[in-house]
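Okay, so the sequence shown: first residue is 152 according to the working numbering, each after it adds one. Working notes for the structure below.
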Amino acid sequence: MTEMDNAGRLFEYAGQFRLLQRVARGGMATVYEAEQLGPAGFTKQIALKIIHDRYAKQPEWLQLFIDEAKLSANLVHGNIVQIYQLGQCDNEYFIAMEFIKGVTLRALIDRHRLMGTPMAPPLAAYIASRVCRALDFAHNFVDRSGRRLDIVHRDVSPGNVLLTWDGHVKLADFGIAKARTMADPAAQRPLMMGKKHYMSPEQILGGQVDSRSDIFAMGIVFFELLSLQPLFTEDETEAAIDEVVVAPVPDVARYIPGIHRSLEGLLRAALSKGPAERPGAADFGRALDQYCVSHRETGSPERLQAHLAELFPDSYRPPTESTGNTSATTSAKGGARERTQGSKPSLVRRILGLG
Ligand SMILES: Nc1ncnc2c1ncn2[C@@H]1O[C@H](COP(=O)(O)OP(=O)(O)OP(=O)(O)O)[C@@H](O)[C@H]1O
Ligand SMILES: [Mg+2]
152 MTEMDNAGRL FEYAGQFRLL QRVARGGMAT VYEAEQLGPA GFTKQIALKI
202 IHDRYAKQPE WLQLFIDEAK LSANLVHGNI VQIYQLGQCD NEYFIAMEFI
252 KGVTLRALID RHRLMGTPMA PPLAAYIASR VCRALDFAHN FVDRSGRRLD
302 IVHRDVSPGN VLLTWDGHVK LADFGIAKAR TMADPAAQRP LMMGKKHYMS
352 PEQILGGQVD SRSDIFAMGI VFFELLSLQP LFTEDETEAA IDEVVVAPVP
402 DVARYIPGIH RSLEGLLRAA LSKGPAERPG AADFGRALDQ YCVSHRETGS
452 PERLQAHLAE LFPDSYRPPT ESTGNTSATT SAKGGARERT QGSKPSLVRR
502 ILGLG
């Protein structure tokens, strides 16, 4: 048989997964550390995200969810959490994806706030620039026939940015937010509240969103990285709309003392109410990289790795060590397993009362 004869041939495969432990329960799904099982003892560590029942039971929601997952399935990029499979088991829907050992950006920001220490701007710029690379890749993604897919993340927020223990930055949950915001069976419920704080004006108004909406969200995240406080805080719908859509962009220099002019300008541009005034993801990322270069400080995986090791002495695991509960934790408590180096307790450990 020639290779061409094989095209279109189906390989039926009844794959299996084994759940190892629950990592976290989010608003829409529960995430497990799991193993994908194959022949002859083959196993692969994965994360399995099982969609909550109340979502999976809504045909309209499910259809949107599946359509979006299909669009995102081929997004293979170093700064994107890769999806392996969308599946159904009995009446449960799940997504199998790359398992991330590390912490969420939410946890990193919270830890800095707890410590009362700002994040070094080059490190913040490094993290944000890698998220921008992920967005640039997705925004310009074309399918096999060269058709633009116009993928928009819609939920760029600190909880969806995962930081691996070896210092890499990965954006998770591509394509999941559309179903959630457009056909959410739990719409109008508090579930949406946290998300409101990372929405662009056009998104919070329920209008058409495109890639430029993600840039606004990226601006909010970058603001929070530098200031350690959320830009938008209103929970009540009308007030939330008011602060995002109507109120002028706050004077970022007031919240981030000593912010470099180039970063201030970048933040202002990203947070423009009008989508046309915001930079593209590639330009946003390049400007952040340029900032690092001009300050002769490279934001690098090595630097982020060392930083995470310092800030999360309990849960940090060197990349070469395997096993144990080492998944992307949202809080300092998750995945705790003591490191046993006999060195003197770090400042972080003393502040946390662990030293
Ligand atoms: N691929 C992954 N590998 C390891 N841990 C993950 C992975 N994806 C998610 N997690 C962990 O599971 C948690 C819950 O993720 P999930 O996406 O369900 O909820 P969320 O993003 O926190 O909030 P929401 O429910 O609003 O989406 C994350 O905060 C992270 O700690
Ligand atoms: Mg998520």
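Using N, Cα and C, we set each Cβ at its ideal position, and we do this for glycine too. Note that the coordinates shown come from a computational prediction; the quantities given were computed from them, not determined experimentally.
query                                                                                                            : result
Whole runs of the alpha helix (DSSP H) within the segment 286 to 365, excluding any shorter than 4 residues      : 327 to 333, 344 to 347 and 352 to 355
Boundaries (first-last residue) of the alpha helix (DSSP H) holding E461                                         : P452 to L462
Segments of 4+ residues assigned as alpha helix (DSSP H) that fall wholly inside the segment 251 to 286          : 256 to 266
Residues sharing a beta bridge with C240, DSSP                                                                   : E243
At least 3 beta-carbon pairs within less than 8 Å: the segment 427 to 437 vs the segment 449 to 461              : no
Segment contact, 8 Å Cβ cut-off, at least three pairs: the segment 309 to 316 with the segment 248 to 260        : yes
Beta-carbon spacing of V397, S308 below 9 Å                                                                      : no
Contact test: A220 Cβ vs ligand 2 heavy atom, cutoff 8 Å                                                         : no
Reference H263, options L322, L414 and E461, closest by Cα                                                       : E461
Check: E243 C-beta below 8 Å from any heavy atom of ligand 1                                                     : no
Residue environment, V182, which counts as buried when at least 16 other CB atoms sit within 10 Å                : buried
Close-in-space but distant-in-sequence residues of the same chain around D156 (CB under 7 Å, 5 per side omitted) : none
T388, enclosing beta strand (DSSP E) - first and last residue                                                    : Run containing T388: none in the beta strand (DSSP E); it sits in the alpha helix (DSSP H), T388 to I392.
Per DSSP, cross-strand counterpart(s) of M405                                                                    : It should be noted that the sequence gives Arg, not Met, for residue 405. Beta-bridge pairing links R405 to no other residue.
Member of D402, G159, A175 and G192 whose CA lies at the smallest distance from the CA of Q167                   : G192
Sequence-distant residues of its chain with Cβ nearer than 6 Å to V406 (five each side left out)                 : In the sequence under discussion, the amino acid at residue 406 is Tyr, which differs from the Val named in the question. The answer, listed in chain order, is S378.
C-beta contact flag for L382 and P401 at 9 Å                                                                     : yes
Cβ contact check for the segment 263 to 273 and the segment 287 to 303: 3 or more pairs under 8 Å                : no
Supposed close pair N230, K329 - CB separation, criterion 8 Å                                                    : Actually they do not touch by this definition, with Cβ atoms about 20 Å apart.
Cutoff 9 Å: L259 Cβ touching any chain B Cβ                                                                      : The chain labelled as chain B is not found in the depicted structure, where only one protein chain is given.
Coil, strand or helix - R198 by DSSP                                                                             : A quick correction: the sequence has Ala, not Arg, at residue 198. The answer is strand: DSSP assigns A198 an E or B state.
H348 versus R363: straight-line alpha-carbon distance, rounded                                                   : 16 Å
When L274, T388, L213 and L356 are compared against P452, the one with the closest alpha-carbon                  : L274
Terminal residues of the alpha helix (DSSP H) in which Q441 lies                                                 : A432 to S445
Sufficient close CB pairs (3 or more, under 8 Å) joining the segment 221 to 229 to the segment 173 to 189        : no
heavy atom of ligand 2 below 8 Å from A323 C-beta                                                                : yes
Rounded straight-line distance, which links the Cα of E184 to that of A220                                       : 20 Å
D156 Cβ short of 8 Å to ligand 1 heavy atom set                                                                  : no
Sufficient close CB pairs (3 or more, under 8 Å) joining the segment 408 to 422 to the segment 237 to 253        : no
Top-ranked residue by Cα proximity to G326, from Q209, K346, Y467 and V303                                       : V303
I371 in three-state terms, based on DSSP                                                                         : helix
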